[in-house]
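Numbering (my numbering), first residue to last: 12 to 88.
C-beta atoms are modelled at their ideal positions from N, C-alpha and C, and glycine is treated no differently.
Owing to the predicted nature of the structure, the values given are computational and were not obtained by experimental measurement.
What follows is the structure, given as structure tokens:
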């Protein structure tokens, strides 16, 4: 349908193809993401437990700071 819409010169026919495609998508897809933002997240290497969500939020419930002893052990590895 979309290919047909792109290739037809008749404006009303093009609208018809796009309307058909929209109906099909509305019936077949439970969710259609229209845009996804680029998201950058920075944090320190002595912070553990940060959980990032694909929906753009972060859970801070389980965050803790590593002890200095465990950080020196990590550097030895």
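Assuming residue i and residue j are in contact, meaning their beta carbons sit under 8 angstroms apart, how far apart are those beta carbons, in whole angstroms?
i	j	result
residue 12	residue 37	That pair is no contact at about 13 angstroms.
residue 61	residue 53	No, residue 61 and residue 53 are not in contact; Cβ-Cβ is about 11 angstroms, not under 8 angstroms.
So, using beta-carbon positions, are residue i and residue j closer together than 8 angstroms?
i	j	result
residue 59	residue 75	yes
residue 67	residue 50	yes
residue 29	residue 46	no
Alpha helix (DSSP H) containing residue i: first to last residue?
i	result
residue 24	22-39
residue 14	13-18
Opposite residue i in the DSSP bridges: which residues?
i	result
residue 51	DSSP lists no partner for residue 51.
residue 69	63
residue 58	76
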